[in-house]
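S.K.:
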Amino acid sequence: QAPDECRLDQLNAIEPTNRVQSEAGLIEYWDPRDPQLQCAGVAMLRVTIRQNGLYLPTYSNGPIMAFVVQGQGVTGAVTSGCPETYQESQEFGQEQQDLRLKDMHQKVRQMRKGDVLVFTAGTAHWYHNDGNSPLVFVALVDVSNYGNQLDRILRTFHLAGSNPQLPERSLFAGFETEILAQSFNIRMETAEKLKNLDDSRGNIVNIPQKLQFVRPPTRGTTTEQREQYPGPWGEYDEEEYN
Amino acid sequence: GLEETVCTQRLQENLDDPSRADIYDPEAGRISTLNSLNLPILRRLRLGAARVFLHRNAMVLPHWNMNAHSLMYVTGGRLWVEVVKSNGEAAFKGEVRQGQLLLVPQGFAVIKRSESEGCEYIAFRTNDNAVVNMLTGRLSAMAGLPVGLVANGFRVSLEEAREIKYNRQETMLAAANPSAQGTAEA
Chain A
58 QAPDECRLDQ LNAIEPTNRV QSEAGLIEYW DPRDPQLQCA GVAMLRVTIR QNGLYLPTYS
118 NGPIMAFVVQ GQGVTGAVTS GCPETYQESQ EFGQEQQDLR LKDMHQKVRQ MRKGDVLVFT
178 AGTAHWYHND GNSPLVFVAL VDVSNYGNQL DRILRTFHLA GSNPQLPERS LFAGFETEIL
238 AQSFNIRMET AEKLKNLDDS RGNIVNIPQK LQFVRPPTRG TTTEQREQYP GPWGEYDEEE
298 YN
Chain B
-12 GLEETVCTQR LQENLDDPSR ADIYDPEAGR ISTLNSLNLP ILRRLRLGAA RVFLHRNAMV
48 LPHWNMNAHS LMYVTGGRLW VEVVKSNGEA AFKGEVRQGQ LLLVPQGFAV IKRSESEGCE
108 YIAFRTNDNA VVNMLTGRLS AMAGLPVGLV ANGFRVSLEE AREIKYNRQE TMLAAANPSA
168 QGTAEA
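Below, the structure is given as C-alpha cells:
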C-alpha cells in the first residue's frame, strides 16, 4: 500500500460513476480513484442483468465476492482441471452404436436474492438471469489481494463478447485467426467467429430462446413457498423427497 | 537442530530428465513443473517453474496464468508467441529466440508454437502453486461451458459450438498440423 493511499480526512457515501450498457444489462463501476476504495484496495461494481440476459464468461485479476441484491439466476465457474460433471444423457446415433453425450459442462449453481458468491482470481465465470425480474448483484474485487499480481487496477478478461463503448474485446480477438484455428482444430470461418469482431452486443447479451443447459431440478418454485416450511434448524422441509 | 532440518532441506531439482515429465505427448513434447508440492521450500519463496520442450511445429495450447506471472527464457530454438491483454488487444506477437526473455503477465492469454527446429524454454512463475487455465482442449474453460452458452456467446450454430468445445482433445500440448486447417473434424 502506498503511504498516501489512506489519508482519509473525510468519509463519503459514494455511488457508481461509470456505466457500461450492454444489450441485456448494465455494469456500473464505482470510481477506482476514490480515496476510500484506494485505501481499502478494492474495486466495486454493480451488475444488472435483464430477463433472459447472459453475462458472458469473464475472469478478473483479483478474487471476487458478490452479493445478490435482487432477482434470481444461474451461475457457473469453470475451474481449471475440473471435469464436466453435468452431463446430458447419452443419445444413440443412426446405427445405435454411435454413442455420445449431447453436452457436458462443469457444475452450475442457482443464485437468488441474499446469496453471496465468491470466485478466485483468474477463475472464469458467467451468470444468466432465468427469473422474471432483473437480476442485480453488487461485487467487490479485492485488487490488493495476494492473488492479484498485476497492479491495483481492476482488469476484466472476456472469453466472449465485446464492448465497443470501452473499447473491450474478447481475448480471442487478439490472436491471429490461423493460429486460433490450429489451436482449436476448427475451420477458419469458425475461428473468425470466435473473435467476435463484429459483435456490438456488449458483455451481457440477450438469449432469444431460453438458455438450455444440463442442471438438476430446483426444490420448490419460489422463495416464499420454501420459507413456509422451515425445518428444525432453519432448513427446508424435505418430506416430499426420499 | 537446524543441521538436521533447515540445512538439509532439498534445494534442487532436475527438470531436464525426460522421465520426470508431468505432461507428455510424443508428437508435441513435454513439460516438467516445479512447485511447492515437489520442492517444499518454494512455499516460502512463493516461486515455481516449468521446463518445456517442444518438438518442431508443436503448440502450447492457448491458456492464461491464474495466479502468477510467467517469465519465459528460451534456452534453445525459436518460438512464435502471441500474448493478449484484458481489452482483447495483442500485447506481443512475434518470435522469441534462444537467449531472449518474455514476460507473460497474470491473466493475459497466450499461445505458443515452436518453429521448424523445435524449442525449449524455462518459465519462472511468481507463485509456488501456479495454476494455468486452458482456453481449448479437454480440460479447458471452453469445454466447461454449456454448449448453448458457447453458441449464444459467439453467435455460432450448435454444431460449431460443439466443434469449439470438443475438436481439440489434448490438454496442454498439441502437434500443430498446418495442413489440418480448414478441415475440422466434427
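Chains A and B supply the protein sequences, listed in that same order. Every position in the first sequence, counted from 1, becomes a number in my numbering once 57 is added. Quick note on numbering: my numbering labels position 63 of the second sequence as 50, and the sequence is numbered without any gaps. Backbone N, C-alpha and C fix where the C-beta goes; we use that ideal spot for every residue, glycine too.
Take the Cβ of Ser219(A) as the centre, count every other Cβ of all protein chains shown within 10 Å, and call the residue buried at 16 or more, exposed below.
M.R.: Per the 10 Å Cβ criterion, buried.
S.K.: For a test of the three-state rule: what should DSSP assign to Cys312(A), helix, strand or coil?
M.R.: Past the edges of chain A, shown from 58 to 299, lies residue 312(A), and the structure says nothing about it.
S.K.: Against Glu69(B), what residues of chain A qualify as contacts under a CB-to-CB distance less than 8 angstroms, listed in chain order?
M.R.: Gly231, Phe232, Glu233 and Ile236, listed in chain order.
S.K.: If we cut at 8 angstroms on Cβ distances, does Gln108(A) have a partner in chain B?
M.R.: No, its Cβ sits nowhere closer than 8 angstroms to a Cβ of chain B.
S.K.: Assign Ile98(B) to one of three DSSP states: helix, strand, or coil.
M.R.: Residue state, collapsed to three classes: strand.
S.K.: Can you name the residues of chain A whose CB is closer than 9 angstroms to the CB of Met53(B)?
M.R.: Residues of chain A passing the Cβ test: Tyr116, Ser137, Thr177, Ala178, Gly179, Thr180 and Gly204.
S.K.: Just tell me which of Tyr60(B), Asp115(B) and Phe95(B) has its CA closest to the CA of Leu89(B).
M.R.: If we check each option's Cα against that of Leu89(B), Tyr60(B) comes out closest.
S.K.: Buried or exposed: Ile98(B), going by 16 or more other Cβ atoms within 10 Å of its Cβ?
M.R.: Counting Cβ neighbours within 10 Å, Ile98(B) comes out buried, since at least 16 surround it.
S.K.: So what's Glu104(B) in DSSP terms, helix, strand or just coil?
M.R.: Three-state result, Glu104(B): strand.
S.K.: For chain A, find out if any of its Cβ atoms is closer than 8 angstroms to the Cβ of Arg65(B); answer yes or no.
M.R.: Not one chain A Cβ lies under 8 angstroms of Arg65(B).
S.K.: Hey, is Phe111(B)'s beta-carbon within less than 8 angstroms of any beta-carbon in chain A?
M.R.: No, no contact with chain A.
S.K.: How would you list, in chain order, the residues of chain A whose beta-carbon sits under 7 angstroms from the beta-carbon of Arg31(B)?
M.R.: Within 7 angstroms Cβ-Cβ: nothing; Arg31(B) doesn't reach chain A, min ~14 angstroms.
S.K.: Who are the near neighbours of Val137(B) in its chain, counting only those whose CB is closer than 8 angstroms to its CB and skipping five residues on each side?
M.R.: These residues qualify, in order along the chain: Met129, Val143, Ala148, Ile151 and Lys152.
S.K.: Is Ile264(A) helix, strand or coil when you go by DSSP?
M.R.: Coil, per DSSP.
S.K.: Return helix, strand or coil for Asn209(B), following the three-state DSSP convention.
M.R.: Since the first and last residues shown for chain B are -12 and 173, residue 209(B) lies out of range.
S.K.: State the CB to CB distance for the pair Ile64(B) and Glu0(B), rounded to an integer number of angstroms; the pair is presumed to be in contact (CB under 8 angstroms).
M.R.: According to the sequence as given, residue 64(B) is Gly; it is not Ile. Not confirmed; about 23 angstroms, so no contact.
S.K.: Can you name the residues of chain A whose CB is closer than 9 angstroms to the CB of Met46(B)?
M.R.: Per Cβ cutoff of 9 angstroms: Ile236, Gln239 and Ser240.
S.K.: Under a three-way DSSP split, which group does Ala138(B) fall into?
M.R.: Correct three-state label for Ala138(B): helix.
S.K.: Hey, Ala78(B) and Leu41(B): beta-carbon distance below 8 angstroms or not?
M.R.: Not in contact: Ala78(B) and Leu41(B) (Cβ atoms no closer than 8 angstroms).
S.K.: According to a CB-to-CB cut-off of less than 9 angstroms, which residues of the region 70 to 88 of chain B neighbour chain A?
M.R.: Those would be Val70, Val71, Lys72, Ser73, Asn74, Gly75, Glu76, Ala77, Ala78 and Lys80, in chain order.
S.K.: Just list the beta strand (DSSP E) runs in the region 102 to 130 of chain A, keeping only unbroken ones of 3 residues or longer that don't cross its boundaries, in chain order.
M.R.: Segments of the beta strand (DSSP E) lying fully in the region 102 to 130 of chain A: 110 to 117 and 121 to 127.
S.K.: Between Gly35(B) and chain A, is the shortest Cβ-Cβ distance under 8 angstroms, so that the two count as touching?
M.R.: No, its Cβ sits nowhere closer than 8 angstroms to a Cβ of chain A.
S.K.: At a CB distance below 8 angstroms, what residues from the region 214 to 227 of chain A approach chain B? Give them in sequence order.
M.R.: Within the region 214 to 227 of chain A, the residues whose Cβ lies closer than 8 angstroms to some Cβ of chain B are Phe214, His215, Leu216, Ala217, Gly218, Ser219, Leu223, Pro224, Glu225, Arg226 and Ser227, listed in chain order.
S.K.: With 8 angstroms as the threshold, decide whether the Cβ of Ala163(B) is near any Cβ in chain A.
M.R.: Ala163(B) counts as touching chain A.
S.K.: What are the boundary residues of the beta strand (DSSP E) that includes Met168(A)?
M.R.: That run of the beta strand (DSSP E) goes Val165 to Arg169.
S.K.: Checking 8 angstroms against the spacing of the C-beta atoms, do Leu237(A) and Val71(B) come in under that value?
M.R.: No, Cβ-Cβ distance for Leu237(A) and Val71(B) is not below 8 angstroms.
S.K.: If you count every other CB in all the chains shown that lies within 10 Å of the CB of Leu83(A), and 16 or more means buried, which is it?
M.R.: So Leu83(A) counts as buried.
S.K.: Hey, is the region 114 to 130 of chain B in contact with the region 28 to 46 of chain B, meaning 3+ C-beta pairs nearer than 8 angstroms?
M.R.: A contact exists between the region 114 to 130 of chain B and the region 28 to 46 of chain B.
S.K.: Buried or exposed for Val175(A), please, with buried defined as at least 16 other CB atoms from any protein chain shown within 10 angstroms of its CB.
M.R.: Flag for Val175(A) reads exposed.
S.K.: Is it the case that the region 181 to 190 of chain A contacts the region 118 to 130 of chain A, given that we only count it when at least three CB pairs across the two stretches are under 8 angstroms?
M.R.: Output reads yes: the region 181 to 190 of chain A touches the region 118 to 130 of chain A.
S.K.: Taking C-beta pairs closer than 7 angstroms, name the residues in chain B that Phe194(A) reaches, listed in chain order.
M.R.: Residues of chain B passing the Cβ test: none, with the nearest at roughly 18 angstroms.
S.K.: So, for Gln67(A): in the same chain, excluding its five sequence neighbours on each side, which residues have a beta-carbon less than 8 angstroms away from its beta-carbon?
M.R.: Closer than 8 angstroms at Cβ, skipping near neighbours: no residue.
S.K.: Considering only residues of the same chain and omitting the five flanking positions on each side of Asn205(A), which have a CB-CB separation below 7 angstroms?
M.R.: Excluding sequence neighbours, Asn205(A) sits near Asn118, Gly119 and Ala178.
S.K.: Measuring straight from C-alpha to C-alpha, what distance separates Phe95(B) and Asp12(B)?
M.R.: If I take the Cα positions, the gap works out to 25 angstroms.
S.K.: Can you name the residues of chain A whose CB is closer than 9 angstroms to the CB of Ala117(B)?
M.R.: Chain A residues near Ala117(B): none, gap ~10 angstroms exceeds 9 angstroms.
S.K.: Pick helix, strand or coil for Val77(A), following the three-state DSSP scheme.
M.R.: In the structure shown, Val77(A) sits in a strand (DSSP, three-state: E or B).
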